[in-house]
Amino acid sequence: MTDDIHARLQGLVDANDVVLFMKGSPLFPQCGFSSRAIAILGHLNVVFESVDVLQDQGVRQGIKAFSDWPTIPQLYVKGEFVGGSDIMMEMFESGELQQLMEEKGVAQAA
Amino acid sequence: MPMAADDIETLIRTAIPDAQITITDLAGDGDHYAAHVVAESFRGLPRVRQHQAVYAALGGRMGGVLHALQLTTAVPKE
Numbered sequence: 006m007t008d009d010i011h012a013r014l015q016g017l018v019d020a021n022d023v024v025l026f027m028k029g030s031p032l033f034p035q036c037g038f039s040s041r042a043i044a045i046l047g048h049l050n051v052v053f054e055s056v057d058v059l060q061d062q063g064v065r066q067g068i069k070a071f072s073d074w075p076t077i078p079q080l081y082v083k084g085e086f087v088g089g090s091d092i093m094m095e096m097f098e099s100g101e102l103q104q105l106m107e108e109k110g111v112a113q114a115a
Numbered sequence: 023m024p025m026a027a028d029d030i031e032t033l034i035r036t037a038i039p040d041a042q043i044t045i046t047d048l049a050g051d052g053d054h055y056a057a058h059v060v061a062e063s064f065r066g067l068p069r070v071r072q073h074q075a076v077y078a079a080l081g082g083r084m085g086g087v088l089h090a091l092q093l094t095t096a097v098p099k100e
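Just so you know, the protein sequences line up as chains A and B, in that order. The numbering used here numbers the first residue of the first sequence as 6 and each following residue consecutively. The numbering used here numbers the first residue of the second sequence as 23 and each following residue consecutively.
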């Protein structure tokens with residue numbers, strides 16, 4: 006990963022409370038796992054930024070090294086890597102994800 | 023190329039010898055699996071680290087040959 010990509014990724018997770026790196030867009034997810042992640046964030050009703058990794062090969066490969074995580078989607082909350090869609094689902098079902106958003110003071114969507 | 027469930031289990035067991043591993047073939051096509059891994063060595067680790075330990079065991083196959091592995095992890099119940 007180049008320094009440039011690293012700086013861009015760091016900038017994205019620093020500038021947004023919640024960032025989802027995904028395949029496709031929230032309206033048109035290009036993969037079932039990304040679609041599931043979007044559905045979970047929708048249920049939580051939080052403000053989030055999404056990054057479509059399919060638009061940029063540098064970001065697509067870079068994020069895997071950045072997080073030390075092999076798959077997309079990837080969720081960041083307040084600069085901290087939370088995990089992929091399986092972890093999101095587990096945490097959502099147990100109420101932990103909602104709790105995390107509240108503890109971190111993440112804004113609710115209008 | 024799809025992977026056999028036994029191969030996935032062997033890789034995980036080699037890296038995490040105390041693991042109890044349940045592999046489910048979700049679609050019956052040898053390509054969409056769910057893995058449930060329970061290990062004492064996970065105790066005290068955040069879920070992200072538990073999953074990373076399993077991914078490390080799979081040695082780079084995750085996200086490549088294994089696109090569709092649904093993973094859940096846990097520590098043994100007391």
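For each residue, glycine too, the CB sits at the ideal point set by N, CA and C. If you're wondering where the values come from, they're calculated on a predicted model, not measured in any experiment.
Asked                                                                                                            : Found
Selected residue, minimal CA-CA separation from G16 (chain A), among A:L25, A:G84, A:S99, A:V111                 : A:G84
For A56 (chain B) and Q42 (chain B), the rounded distance between their alpha carbons                            : 14 Å
Reference A61 (chain B), options B:D47, B:D40, B:L80, B:R69, closest by Cα                                       : B:D40
Contiguous alpha helix (DSSP H) assignments of at least 4 residues, all confined to the segment 17–78 of chain A : 37–49, 62–72
Any chain A beta carbon closer than 8 Å to R65 (chain B)                                                         : no
Neighbour flag for G50 (chain B) against chain A, beta carbons, 8 Å                                              : no
Residue of B:L80, B:I38, B:L67 minimising C-alpha distance to A27 (chain B)                                      : B:L80
Y81 (chain A) - partner residues in DSSP beta bridges                                                            : A:V24, A:F86
Those residues which DSSP pairs with H54 (chain B) across a bridge                                               : B:A90
Within-8 Å CB hit, L33 (chain B) to chain A                                                                      : no
Listed by chain order, chain B residues near M75 (chain A) by CB distance under 7 Å                              : Correcting the residue type first, residue 75 (chain A) is Pro in the shown sequence and not Met. By Cβ distance, chain B contributes Y77, M84, G85.
Start and end residues, alpha helix (DSSP H) containing Q104 (chain A)                                           : 101–108
Contacts that T16 (chain B) makes with chain A (C-beta to C-beta distance below 8 Å)                             : Residue numbering for chain B in the displayed model covers 23 to 100; residue 16 (chain B) lies beyond these limits and cannot be assessed.
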